[in-house]
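Asks: Residue numbers (my numbering), protein chains in the order written: chain A, 54 to 341; chain B, 15 to 302. From the three backbone atoms N, C-alpha and C, an ideal C-beta is built for every residue, glycine too. Here you go, one structure.
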Amino acid sequence: MEKATLIRFSDVSYRYESDNETPLPLALKNINIDIKKGEFVAILGHNGSGKSTLAKLANAILMPESGKIYVNGMDTSDESLEYEIRQTVGVVFQNPDNQIVATIVEEDVAFGPENLGIEPSEIRKRVDEALKAVGMYEYRFHEPHKLSGGQKQRVAIAGIMAMRTDCIILDEPTAMLDPKGRKEVMAAMRKLNKELGIAVVLITHYMEEAVAADRVIVMDSGRIVLDGAPRDVFSNEEIIEKAGLELPESAKLALLLRRSGVNLPSGILTAEEFIEAFKFSVSGGAAK
Amino acid sequence: MTVLEAENVSYKYSVGTPFQITALDRVNVKVEQGDMLAVIGHTGSGKSTLIQHFNALLKPTEGRILLYGKDINESRETAHNARFKVGLCFQYPEYQLFESTVYKDISFGPANMGLSSSETDERVRRAADFVGLSENMLGKSPFDLSGGEKRRVAIAGVMAMEPEVLIMDEPAAGLDPRGRRSILELIGNYRKKTGRTVIIVSHSMEDVAGVAEKILVLNRGSVAMHGSLDEVFSRSDELRGMGLDIPQITRIFSELNKYGFGLKKNVYTVEQAKDEILRYLHKGGNAK
Ligand SMILES: Nc1ncnc2c1ncn2[C@@H]1O[C@H](COP(=O)(O)OP(=O)(O)OP(=O)(O)O)[C@@H](O)[C@H]1O
Ligand SMILES: Nc1ncnc2c1ncn2[C@@H]1O[C@H](COP(=O)(O)OP(=O)(O)OP(=O)(O)O)[C@@H](O)[C@H]1O
Ligand SMILES: [Mg+2]
Ligand SMILES: [Mg+2]
């Protein structure tokens, strides 16, 4: 069965307002996307390619200049639906500072679910779970604005996890996290996706995180230039390169070696795949 | 010659409240002239707190910070001078950007150093060009930029001061892969060309491996390691125990060696890995 569409961008263009007579160029140009229920999608693109703008449009913070956006069938330009739309799509924005709403960590995390009218005992449970999942439970009584960069980021992620909206959009959630934190957040998102069927849209500059998604969308100067499974997307080396991106480290190494005549198969994306292929090709396989 | 020294430095936040936290605990570190040092450590380990001591933004609760052997907090004047000698780029560029245009923001530092307006202008344009900001961005408000663009402005502002010690808190976070590479190259070149001292804070072991020559590891407010890349990255289990890791490529090599390949262990970047594998294959290296 075809999965139902959760977010639809239909020929959407967007332009920020200029503070003088000359209009700014379009930040997004004729965007068409369908995000389905339960999908795990990564969005890649150079700085200024329009990723955050896309997130703000999906959450009805910005309205398209032309085209339409539907969240669960609701038109985002209909102001009366704003509340319901934000109950369906939750966003963690790029700078966690702008999202702190309370003076105590656990109240900050509880704010979203409270707004959804969820029952207090259930909120309690979700807040504790979310704070544990991001490793911030021991900071639950602290003041959020007095945390380190990565700690603030973790609290913002916990906040959105506790809401359990049908779709979660995370704008570079792991940018300030240590290697362990990055893995923990990815695992927590996977879990929400697998166990609760929550659609996850992950905006990231880490190619390795994109490889772990089911689907990858690549933006370049306000347009979508690639959209597909990670393996297909990363096989377009030229488009990836032109878009200011790179292949994941393992893929880069495999490509360099292949170009130097080492017999490795194409399509290697992860460390595990590299190790398997290398063992085969060098010890038992076709090489020399 | 020692440029900066933390002498038994402790720092406590929120002293006298229930949330008093010892962010730095008797830290002793010497930074030598011309060092290219990376500071790594888990979320909340004290990295940002430490580097804010290096330009007298924070004053140790106990202990001293010495700049060229002299107590940086000896008088208001020494503290003030330190801000120009030691250029610090914050973890979140939003903390640093406040002028009405990008141009004014980048020129703030050099103009305040008493440089002529033509010299300031030259430095602003050079720095903007270095970090990949186009001419037409200079008139924009720094608040109307994407996340990665803001970071470039913040970096340009500090570079334009041409400080004796350049300190950057997560300079590559939020940058796209190409931007990441060019900013790291820029930072490396600054050191190479001027022989000045550079300190970066980073959560990316790959970035650290690509640019740094020494690593300082903080763990729960204390110095856990301080040494060359080889010294630090050879202690992978300890690093993992602290929420950190070794570069992806190094991990692949250590896995391959478990299968009996005799590859060098101290390989950290994709380029080094390619060379090492080709060398290995060339001399007829085989498994077992
Ligand atoms: N408030 C604003 N006013 C005017 N222009 C803006 C504003 N916010 C963003 N822009 C511009 O719109 C374009 C898209 O920005 P957006 O923030 O969507 O990029 P992004 O892909 O999220 O980039 P990054 O990776 O740097 O976060 C950029 O050219 C940016 O300069
Ligand atoms: N303004 C503040 N008030 C109170 N405590 C603070 C403040 N800033 C930081 N802390 C605490 O001090 C400790 C060290 O924070 P610091 O910002 O130095 O960490 P960090 O290593 O830079 O972390 P990150 O990688 O997340 O940026 C943390 O436990 C943090 O919660
Ligand atoms: Mg963005
Ligand atoms: Mg920090």
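(1) Only counting runs of 3 or more residues, tell me where the beta strand (DSSP E) segments fall wholly within the segment 84-120 of chain B, in order along the chain.
(2) Can you confirm whether the segment 324-333 of chain A touches the segment 121-139 of chain A when touching is taken to mean that 3 or more C-beta pairs between the two stretches lie within less than 8 Å?
(3) At least one CB of chain B closer than 8 Å to the CB of Tyr69(A): is that the case?
(4) For Lys297(B), which of helix, strand or coil comes out of DSSP?
(5) Using a C-beta to C-beta distance shorter than 7 Å, which residues of chain A count as neighbours of Tyr106(B)?
(6) Is there a C-beta anywhere in chain A that falls below 8 Å from the one on Gly30(B)?
(7) Report yes or no: is there a C-beta of chain A within less than 8 Å of the C-beta of Ala301(B)?
(8) Can you name the start and end residues of the alpha helix (DSSP H) that Gly162(B) belongs to?
(9) Return the residue from the list Leu80(B), Ile79(B) and Pro177(B) that minimises the CA-CA distance to Gly101(B).
(10) If we cut at 8 Å on Cβ distances, does Pro232(A) have a partner in chain B?
(11) Any C-beta of chain A within less than 7 Å: which residues of the segment 41-61 of chain B qualify?
(12) Tell whether a beta-carbon distance below 8 Å holds between Ile65(B) and Val215(B).
(13) What do you reckon, are the CB atoms on Ala223(B) and Leu253(B) nearer than 8 Å?
(14) In this structure, does DSSP put Phe287(A) in helix, strand or coil?
(15) Please report whether the beta-carbon of Phe33(B) lies at a distance below 8 Å from any beta-carbon of chain A.
(16) Just to confirm my understanding: we take Ile157(A), look at its own chain, exclude 5 residues before and 5 after, and list those with CB closer than 7 Å. What are they?
(17) Just the C-alpha distance for Leu134(A) and Thr141(A), rounded to the nearest angstrom, thanks.
(18) So which residues of chain A does Tyr27(B) contact, with C-beta pairs closer than 9 Å?
(19) Which residue comes first and which comes last in the alpha helix (DSSP H) that contains Phe267(B)?
(20) Taking the beta carbon of Glu290(A) as the centre, do at least 16 other beta carbons fall within 10 Å, making it buried, or is it exposed?
(21) At the 8 Å Cβ level, is Arg205(B) part of the contact set with chain A, yes or no?
(22) Can you find the residues in the same chain that come closer than 8 Å, C-beta to C-beta, to Ala301(B), ignoring five residues on each side of it along the sequence?
(23) Could you tell me which chain A residues have their CB closer than 7 Å to the CB of Glu296(B), listed as they occur along the chain?
(24) Rank Glu92(A), Glu160(A), Met189(A) and Ile88(A) by C-alpha distance to the C-alpha of Thr57(B) and give the top, closest one.
(25) Please report the distance separating the alpha-carbon of Arg194(B) from that of Asn148(A).
(26) Beta-carbon within less than 8 Å of Val116(B)'s beta-carbon, same chain only, minus the 5 sequence neighbours each way: which residues are those?
(27) Beta carbons nearer than 7 Å to chain A: which residues of the segment 170-188 of chain B have them?
(28) Would the C-beta of Gly281(A) count as close to ligand 4, meaning under 7 Å from any of its heavy atoms?
(29) With Val17(B) as the anchor, note down where its beta strand (DSSP E) starts and where it stops.
(30) Sorted by chain position, which residues of the same chain lie with C-beta nearer than 6 Å to Ser236(B)'s C-beta, five sequence neighbours on each side aside?
(31) Does any residue of chain A bring its CB to less than 8 Å from the CB of Gly162(B)?
(32) Output needed in chain order: residues of the segment 188-200 of chain B with a Cβ under 7 Å from some Cβ in chain A.
(33) Can you name, in chain order, every residue of its own chain whose Cβ lies under 8 Å from the Cβ of Leu258(B), other than the five neighbours on each side?
(34) Note down, in chain order, all residues in the segment 261-275 of chain B with a beta-carbon under 9 Å from any beta-carbon belonging to chain A.
(35) Buried or exposed: Gln204(A), going by 16 or more other Cβ atoms within 10 Å of its Cβ?
(36) Please classify Asp131(A) as buried or exposed, where buried requires at least 16 neighbouring CB atoms within 10 angstroms.
Replies: In brief:
(1) 100-103
(2) no
(3) yes
(4) coil
(5) Asn148, Asp150 and Gly202
(6) no
(7) Note that Ala301(B) has pLDDT 42, beneath the 50 cutoff, so the model's placement of it is unreliable and the number below is only indicative. Yes, its Cβ sits closer than 8 Å to a Cβ of chain A.
(8) Gly161 to Met173
(9) Pro177(B)
(10) yes
(11) His56, Thr57 and Gly58
(12) yes
(13) no
(14) coil
(15) yes
(16) Phe194 and Glu196
(17) 11 Å
(18) Lys199
(19) Gln262 to Lys272
(20) exposed
(21) no
(22) Its pLDDT being 42, under 50, Ala301(B) is placed unreliably by the model, and nothing is read from it.
(23) The sequence as given places His at residue 296(B); Glu does not occur at that position. Chain A residues near His296(B): none, gap ~10 Å exceeds 7 Å.
(24) Met189(A)
(25) 19 Å
(26) Ala142, Leu147, Met151, Leu152, Gly153, Lys154, Ser155, Pro156, Leu159 and Val167
(27) Glu184, Ala187 and Gly188
(28) no
(29) Thr16 to Tyr27
(30) Asp39
(31) yes
(32) Gly188, Leu189, Asp190, Pro191, Arg192 and Gly193
(33) Ile54, Gly55, His56, Met219 and Val231
(34) Pro261, Gln262, Ile263, Arg265, Ile266, Glu269, Leu270, Tyr273, Gly274 and Phe275
(35) buried
(36) exposed
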